[in-house]
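This report concerns only the one structure given below.
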Amino acid sequence: MTRFNSSGLAIAVISGNQTWARGFGHGSGPFTDGGSSSVTPYTLFRAGSTTKSQIAAALAILVSSGQLNWSTPVSTILGEDVFSLHDTWSTEHMTAIDLLSHRTGYPRYDVGVLGRTVNETIHRLRYLRPATEPRQAWQYQNEMFTAAGAVVAQVSGMETSEFLKQKLWEPMGMLDTQLLPHVGDFEGMAACGEYFWNNDTQTFIGPIPKSDLSGGEGAGGVVTNVVDYAVYLRNMMGIVNGTEGSVPVLGEKNKNVLLGTHMFRSPEFDSFSQADDGFKFFTAPSWYGLGWIGDYVLGELAWHHDGGVGEARTDLWFFPRLGKGFAVMQNSVSPAVEVISREAVYEILGTPEGKRLPAEQDAAQADLILAISPSILYPEELSNPPPAQTAPSWTLAEHVGKYVNPGFVDISLSLACGNSTSRVSAPDSPAHPTRDENGCFLRTSLFNTASGWFGAELEHVNADKWLAWAYNDAYHGYFRPLKCLKVIFEGQGEAITRGNFLLRVDTLTTLEEFSKVE
Numbered sequence: 030m031t032r033f034n035s036s037g038l039a040i041a042v043i044s045g046n047q048t049w050a051r052g053f054g055h056g057s058g059p060f061t062d063g064g065s066s067s068v069t070p071y072t073l074f075r076a077g078s079t080t081k082s083q084i085a086a087a088l089a090i091l092v093s094s095g096q097l098n099w100s101t102p103v104s105t106i107l108g109e110d111v112f113s114l115h116d117t118w119s120t121e122h123m124t125a126i127d128l129l130s131h132r133t134g135y136p137r138y139d140v141g142v143l144g145r146t147v148n149e150t151i152h153r154l155r156y157l158r159p160a161t162e163p164r165q166a167w168q169y170q171n172e173m174f175t176a177a178g179a180v181v182a183q184v185s186g187m188e189t190s191e192f193l194k195q196k197l198w199e200p201m202g203m204l205d206t207q208l209l210p211h212v213g214d215f216e217g218m219a220a221c222g223e224y225f226w227n228n229d230t231q232t233f234i235g236p237i238p239k240s241d242l243s244g245g246e247g248a249g250g251v252v253t254n255v256v257d258y259a260v261y262l263r264n265m266m267g268i269v270n271g272t273e274g275s276v277p278v279l280g281e282k283n284k285n286v287l288l289g290t291h292m293f294r295s296p297e298f299d300s301f302s303q304a305d306d307g308f309k310f311f312t313a314p315s316w317y318g319l320g321w322i323g324d325y326v327l328g329e330l331a332w333h334h335d336g337g338v339g340e341a342r343t344d345l346w347f348f349p350r351l352g353k354g355f356a357v358m359q360n361s362v363s364p365a366v367e368v369i370s371r372e373a374v375y376e377i378l379g380t381p382e383g384k385r386l387p388a389e390q391d392a393a394q395a396d397l398i399l400a401i402s403p404s405i406l407y408p409e410e411l412s413n414p415p416p417a418q419t420a421p422s423w424t425l426a427e428h429v430g431k432y433v434n435p436g437f438v439d440i441s442l443s444l445a446c447g448n449s450t451s452r453v454s455a456p457d458s459p460a461h462p463t464r465d466e467n468g469c470f471l472r473t474s475l476f477n478t479a480s481g482w483f484g485a486e487l488e489h490v491n492a493d494k495w496l497a498w499a500y501n502d503a504y505h506g507y508f509r510p511l512k513c514l515k516v517i518f519e520g521q522g523e524a525i526t527r528g529n530f531l532l533r534v535d536t537l538t539t540l541e542e543f544s545k546v547e
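Each residue of the sequence shown is one higher than the one before, counting from 30 in my numbering.
Following this line, the structure appears as structure tokens:
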């Protein structure tokens, strides 16, 4: 944990009906508080995208009860006034299977889409642009799982959280698991704090305020612990009360649908694909079930999924033929989760030491990625030698205003002047916000994401092309950017009419158009 700057984590390992679980490190409260709690196997963590398979399981239960058909278009369930996509065909044909297997044609929109409510998030889908035709490519997409959670509520006539509790978690024996997307829901709970490692000060910042997932509960709203997740994995493998081969809650037919091959994933998602000596970790193309990733790992079939929300990280793995699996949950962003997961896989499969990838393979490369981001976003402008430099068409003050796109939250640009200090002003930071003669620089409003409240500071590149160095407002005292995005302004004469913002995390070429209204 010290090696990879992990504040606290818990792990549960299962083999048949046996479970070993243990917690490590800091659970809650400030690090300077001697009364702070330690992590235990029962400490509650936010589970992030491991929520997705449970939403899929809820829909499977509705299918098995005859209340839903996998092939029913989602728009006929929620109504086109609620669920409407970019084109008529997609609106009329997208099914629950499409939503749950990331094959709708829509890319990952995590910045600026998350609404204050589930309906607000779903309503914004109609304004988003797909990247491919439906069912042509696998593209991870969170907002569609928000819609899938709404289908659970609509068909069952119950709140999604209550349906999961009564029909999935309690029957399985997952008695501590809840769906808690709202920040206020954590008050009085024994949920762990979340922390961020500050490389500048070599200390943890936190506990960090938890991000609000009110508009994205179906994508990442579950709160649970590793003990309950051990029960969940055992149920998925059909090991229940000492009896193998049956899944009484889901049923074998539905389990086969959940763990079916619905869409092959792109090769770049095989993050442990090749060791230096040519030894492969993944030994076959990767595919996606319904909320589960399927892989052959060193020749053995494995199902797994990770999750991240705020500072919390989770990883689930199970090997159905072996009847083994594990859950790791952590309350800080650290490569420790990936290191532990891979070592656990090696132990389960009996991999010799000489055939294991080194732990350093997973060390965070955030500083390196940030340093090269400008040249990736603007390869021509930042080439060597660079082209002739052109000043912006407008003064910094003329960029100030509100920029709107109905598919996203509004983005407001303002000038930070006087005593305002740049949030990305660490001495060796790659970011250098552009200042005018008065020392002012451009700063965006904050917008809610699954990782918290983000804002950005703008740095001029060439002409009307800018970089937006994004920071998380919760990391007080941390003066480095976490992401680098792209902004290009357009206008007529003396007025800016549009700001084009790079908000998709899966492409560097498609910018979203925001009209300047103020």
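By construction, the Cβ of each residue, glycine as well, lies at the ideal position given by its N, Cα and C atoms. Everything numeric in this text was worked out from a predicted model, so none of it was measured.
*Would you mind stating whether F310 and V286 have Cβ atoms separated by less than 8 Å?*
Cβ distance not < 8 Å, so F310 and V286 don't count as in contact.
*What residues in its chain sit with their C-beta under 8 Å from that of V429, if we drop five residues either side in the sequence?*
Excluding positions up to five away in sequence, the list reads L442, S443, L444 and L471.
*Could you give the DSSP three-state label for D305: helix, strand or coil?*
Confidence at D305 is low in this model, with a pLDDT of 44, below 50, so the placement of that residue should be treated as unreliable; the coordinate-derived value is given next. Reduced to three states, the DSSP call for D305 is coil.
_Using a 10 Å radius around the Cβ and a threshold of 16 neighbouring Cβ atoms, would you call V546 buried or exposed?_
So V546 counts as exposed.
_Pull the bridge partners of C513 from the DSSP assignment, please._
For C513, which the question treats as bridged, DSSP gives the partners W498.
*Would DSSP call S35 helix, strand or coil?*
In this structure, S35 counts as coil in the three-state DSSP scheme.
*asked:* What would DSSP say about P314, mapped onto helix, strand or coil?
replied: In the three-state reduction of the DSSP assignment, P314 falls in the coil class, being assigned neither a helical nor a strand state.
*Under 7 Å Cβ to Cβ from G280, same chain only, skipping five residues before and after it: list those, please.*
Within the same chain, S93 come within 7 Å of G280 by CB-CB distance, once the 5 residues on both sides are set aside.
*By a C-beta neighbour count over all protein chains shown, 10 Å radius and 16 as the cutoff for buried, is E523 buried or exposed?*
The residue is exposed, with fewer than 16 neighbouring Cβ atoms inside 10 Å.
_I377 versus L386, P414 and L351, residue with shortest Cα-Cα distance_ = Residue L351 holds the alpha-carbon nearest to the alpha-carbon of I377 among L386, P414 and L351.
*Taking N254 as part of the beta strand (DSSP E), name the residues at either end of that continuous run.*
Looking at the DSSP string, N254 is not in any beta strand (DSSP E), and its letter there is neither H nor E.
_Assess contact between the segment 250-264 and the segment 48-63, defined as three or more Cβ pairs (one per stretch) separated by less than 8 Å. Is contact present?_
Under the three-pair Cβ rule at 8 Å, the segment 250-264 counts as touching the segment 48-63.
*When the Cα atoms are used, what is the spatial distance from H131 to C469?*
If I take the Cα positions, the gap works out to 43 Å.
*Output the distance between the C-alpha atoms of D335 and G267, rounded to the nearest integer angstrom.*
Spanning the two alpha carbons is a distance of roughly 21 Å.
*To the nearest whole angstrom, what separates the beta carbons of W167 and R294, a pair I think is in contact under 8 Å?*
Contact between W167 and R294 holds, with the beta-carbon distance rounding to 5 Å and staying under 8 Å.
*Assuming G436 and Y156 make a contact with CB atoms under 8 Å, what is their CB distance in whole Å?*
Between Y156 and G436 the Cβ distance is about 3 Å, and since that is below 8 Å, they are a contact.
*asked:* With distance defined between alpha-carbon atoms, name the residue in A220, I525 and L399 nearest to T424.
replied: Of the candidates A220, I525 and L399, the one whose C-alpha sits nearest the C-alpha of T424 is I525.
*asked:* I need the boundaries of the beta strand (DSSP E) containing Y325, first residue and last residue.
replied: Unbroken beta strand (DSSP E) run through Y325: I322 to V326.
*asked:* If we require 4 or more residues per run, which alpha helix (DSSP H) segments fall completely within the segment 98-139?
replied: If you keep only unbroken alpha helix (DSSP H) runs of at least 4 residues inside the segment 98-139, you get 103-107, 117-122 and 125-129.
_Given H115 as reference, the closest of W198, H152, V516 and K494 once Cα atoms are compared_ = If we check each option's Cα against that of H115, H152 comes out closest.
_Host beta strand (DSSP E) of N227 (start-end)_ = From DSSP, the beta strand (DSSP E) with N227 extends over F225 to N227.
*Taking the CB atoms as reference points, tell me whether A341 and N360 lie closer together than 8 Å.*
Against a cut-off of 8 Å, the Cβ pair of N360 and A341 comes out as a contact.
*Where does R263 fall in DSSP's three states?*
It is helical.
*With DSSP collapsed to three states, give me the class of M30.*
Correct three-state label for M30: coil.
_Classification of N264 by the beta-carbon crowding that lies within 10 angstroms, buried from 16 upward_ = With 16 or more other Cβ atoms within 10 Å, it is buried.
*Mark R32 as exposed unless 16 or more other C-beta atoms lie within 10 angstroms of its C-beta, in which case mark it buried.*
Under this definition R32 is an exposed residue.
*Segment contact flag, the segment 158-178 with the segment 227-241, C-beta cutoff 8 Å, min 3 pairs*: Flag = no, the segment 158-178 and the segment 227-241 do not touch.
_So if DSSP puts W49 in a beta bridge, which residue, or which two residues, is it bridged to?_
BP columns for W49 point to V42.
*Name the DSSP beta bridge partners of D205, please?*
According to DSSP, which records beta bridges pairwise, D205 is partnered with nothing at all.
*asked:* So, at 7 Å on beta carbons, what are the nonlocal neighbours of L426 in its own chain, with the 5 sequence-adjacent residues on each side left out?
replied: Residue identity differs from the one stated: residue 426 is Ala in this sequence, not Leu. The residues are L444.
*Which class does I401 belong to by DSSP, given the choice of helix, strand or coil?*
If DSSP states are grouped into helix, strand and coil, I401 belongs with the helices.
*Measuring CA to CA, which of V490, S35 and H333 is closest to F347?*
Among V490, S35 and H333, the Cα nearest to that of F347 is on H333.
*Can the beta-carbon of P421 be found closer than 8 Å to that of A499?*
8 Å or more divides the Cβ of P421 from the Cβ of A499.
*Would N283 be called buried (16 or more neighbouring beta carbons within 10 Å of its own) or exposed?*
Buried, because 16 or more other Cβ atoms sit within 10 Å of the Cβ of N283.
*Proximity to W482 [Cα-Cα], best of P459, T463, L511 and W495*: Sorting P459, T463, L511 and W495 by C-alpha distance to the C-alpha of W482 places L511 at the top.
*Quick one: is D324 buried, meaning 16 or more other Cβ sit within 10 Å of its Cβ, or exposed?*
By the neighbour-count definition (other C-beta atoms within 10 Å, threshold 16), D324 is a buried residue.
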